[in-house]
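Engineer:
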Amino acid sequence: MACIQFLTGSRDQQFEELDPAATLTLGSSDQGVEIRVTDPGVEPQHCRIYPGNGQFWLQANSAATIVNMARTAKGSTVPLPDRAVFIVGQATYIKFWTQRPAATSGSGSGSGAVGGADPAALTKLQGELAASRTELEQLKAASGQAEELRRTLEAAQAEAEAAKKKASELEAQEQALRDEVSQAQARATELEQQAEAAKRDAEEQVAQAKREADERCQTIQSEAEAKQSAAQEKADAAVREAEEARDREIAAAKERAEQEQEELRSALEASRANLRALRMREDALSRDRLADAQSGSDLAAALAALDLPEAMRSRLEAAVEAEVDRKVLVRFEGAVVPLRGLRVPGVELDLEAHLRSLRQRAQQERTLAELGVDDLTPEELERLCEMAAR
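All residue numbers for the sequence shown refer to the working numbering, where the first residue is 1 and numbers rise by one.
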């Protein structure tokens, strides 16, 4: 007959026969269980063992159940092959036998030792027991891994529960969103109807506003054309007045320029006449005085070139003759009063300063002639100097 053997725990080495026609419940409860185990971690109804299809099956009512090093999920069912070892609670190892070992066949439960047994069968049983103990040690060595797998499974189950809860929340949110979408669609339909009505009203208002705007534009255009015509007439009148004022200013400026040019031309002619007289004077001064004494005096020609009034000419001639006489006296009689700084009696003219001014002007005109600008007017010369200074 099939049985289970406790390898560890409070019922170590005890056997429990299985009913080939009934389901047996294993747990720590005092009631409702056929196989009672009070070891740590064993739940009140930990698992069930029942026959079916010619073999026994184990249904796990708790997640803390391991069959042949494989953790079973809560509520799952796995087959029990011969000599399969499963773990309940924290460390209670149980071995399944399809046939009870011969050495223990005379007892229903407990230690299972019976006197007068066959020595060969006893030896075989002892060997199997030693093998079971070895397997138990291996299972104990792997219990740490099994515990880790149990914790991993519990964590996975917790994550699954959280995911399931999250899925429920998402389903609720989805339903809420669907309700909101339905409400939004209804609201959108209502808004579309309102929009159509508003569109019709707006089109009518736009058409009315367009008609009013066209009328207003025509009125404004007429007013603008009238204002533009009046403004054009005013602008034409202003242009004519500006052109007349410009012509008057140009004529006045031209007249002033011609007058200034005439004055400058007169001044230039006078300067050129003075320059010619100065050159004649310089030529006279540079001539050989002995030759001049032999050829006669040019005083009359010089005085004629100066083009002075008759009274001034006579006085100048007398003054020159007096100066010549003094020079002669200097050579023979000693120093006399110099002419420098003196004025000719009756003539408001400083002869020396006048001659110096004539020499300076002649030098300036020679410089202008060398530069090629002697034919320019004084105004043009002034502008040229300003441009050169920049």
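All C-beta atoms in this analysis are idealised placements derived from N, C-alpha and C, irrespective of residue type, glycine included.
In whole angstroms, what separates the C-alpha of residue 91 from that of residue 44?
Structural biologist: The residue labelled residue 91 in the question sits at position 91 within the sequence shown. The residue labelled residue 44 in the question sits at position 44 within the sequence shown. Their Cα atoms are separated by approximately 16 Å.
Engineer: So what's residue 181 in DSSP terms, helix, strand or just coil?
Structural biologist: Taking the first residue of the sequence shown as 1, we reach residue 181 at position 181. In this structure, residue 181 counts as helix in the three-state DSSP scheme.
Engineer: Give the range of the beta strand (DSSP E) segment to which residue 79 is assigned.
Structural biologist: If you number the sequence shown from 1, residue 79 lands on position 79. Where residue 79 is concerned, the enclosing beta strand (DSSP E) stretches over 77-80.
Engineer: What are the start and end residues of the beta strand (DSSP E) that includes residue 51?
Structural biologist: Counting from 1 along the sequence shown, the entry for residue 51 is found at position 51. Element bounds for residue 51: 47-52.
Engineer: Which same chain residues end up closer than 7 Å to residue 12 when comparing Cβ atoms and leaving out the 5 residues on each side of it in sequence?
Structural biologist: Working through the sequence shown from its first residue, we reach residue 12 at position 12. Result list for residue 12: 6, in chain order.
Engineer: So residue 275 and residue 362 are supposed to be a Cβ contact under 8 Å. How far apart are they, rounded?
Structural biologist: Walking along the sequence shown from the start, residue 275 turns up at place 275. Walking along the sequence shown from the start, residue 362 turns up at place 362. At roughly 5 Å, the Cβ-Cβ gap stays under 8 Å, so residue 275 and residue 362 are in contact.
Engineer: Is it buried or exposed for residue 127, if we count other Cβ within 10 angstroms and need 16 for buried?
Structural biologist: Here residue 127 refers to the residue found at position 127 of the sequence shown. So residue 127 ends up on the exposed side.
Engineer: Can you say whether residue 234 is buried or exposed, counting buried as having 16 or more other CB atoms within 10 angstroms of its CB?
Structural biologist: What you label residue 234 is simply residue 234 of the sequence shown in a count that begins at 1. The residue is exposed, with fewer than 16 neighbouring Cβ atoms inside 10 Å.
Engineer: From residue 111 to residue 16, what does the alpha carbon distance come to, in whole angstroms?
Structural biologist: Here residue 111 refers to the residue found at position 111 when the sequence shown is read from its first residue. Here residue 16 refers to the residue found at position 16 when the sequence shown is read from its first residue. Its pLDDT being 42, under 50, residue 111 is placed unreliably in this model, and the value from its coordinates should be taken loosely. Cα-Cα distance, rounded: 10 Å.
Engineer: DSSP beta-bridge partners for residue 3?
Structural biologist: Here residue 3 refers to the residue found at position 3 of the sequence shown. Paired residue(s): 17, 97.
Engineer: Does the contact criterion of 3 or more C-beta pairs under 8 Å hold for the region 267-283 versus the region 229-246?
Structural biologist: No, the region 267-283 does not touch the region 229-246.
Engineer: Please look up how many angstroms separate the CB atoms of residue 377 and residue 264, rounded, as I've assumed it's under 8 Å.
Structural biologist: The residue labelled residue 377 in the question sits at position 377 within the sequence shown. The residue labelled residue 264 in the question sits at position 264 within the sequence shown. Yes, they are in contact, since the Cβ atoms of residue 377 and residue 264 sit about 5 Å apart, within 8 Å.
Engineer: Under three-state DSSP, which class holds residue 73?
Structural biologist: One-based indexing of the sequence shown puts residue 73 at position 73. Of the three classes helix, strand and coil, the one that applies to residue 73 here is coil, per DSSP.
Engineer: Would you call the region 63-73 and the region 21-37 in contact, with 3 or more CB pairs under 8 Å?
Structural biologist: They do not touch, by the three-pair rule.
Engineer: Look at residue 42 and residue 78 and say whether their C-beta atoms are less than 7 Å apart.
Structural biologist: Along the sequence shown, one-based indexing puts residue 42 at 42. Along the sequence shown, one-based indexing puts residue 78 at 78. Not a contact, by the Cβ cut-off of 7 Å.
Engineer: Just verifying my parser: in three-state terms, what is the DSSP assignment at residue 83?
Structural biologist: Numbered from 1 along the sequence shown, position 83 holds the residue referred to as residue 83. Here residue 83 sits in coil by DSSP.
Engineer: Beta-carbon within less than 8 Å of residue 9's beta-carbon, same chain only, minus the 5 sequence neighbours each way: which residues are those?
Structural biologist: Your numbering for residue 9 matches position 9 in the sequence shown. Counting only Cβ-Cβ distances below 8 Å, and skipping sequence neighbours, we find 37, 39, 89, 91, 92, 93.
Engineer: Compute the distance between the beta-carbons of residue 2 and residue 56, then report whether it is under 7 Å.
Structural biologist: Stepping through the sequence shown from its first residue, residue 2 is reached at position 2. Stepping through the sequence shown from its first residue, residue 56 is reached at position 56. Yes, the pair counts as a contact, with Cβ atoms nearer than the cut-off.
Engineer: Report back the beta-carbon spacing between residue 48 and residue 31 to the nearest angstrom; my notes put them in contact at under 8 Å.
Structural biologist: Taking the sequence shown and counting its residues from 1, the one referred to as residue 48 is at position 48. Taking the sequence shown and counting its residues from 1, the one referred to as residue 31 is at position 31. Rounded, the Cβ-Cβ distance is 15 Å, inconsistent with contact.
Engineer: Going by beta carbon distance, what residues of the same chain come within less than 8 Å of residue 50, once the five residues before and after it are set aside?
Structural biologist: Counted from its first residue, the sequence shown places residue 50 at position 50. Once the five neighbours on either side are set aside, the close Cβ partners of residue 50 are 22, 23, 24, 56, 57, 59.
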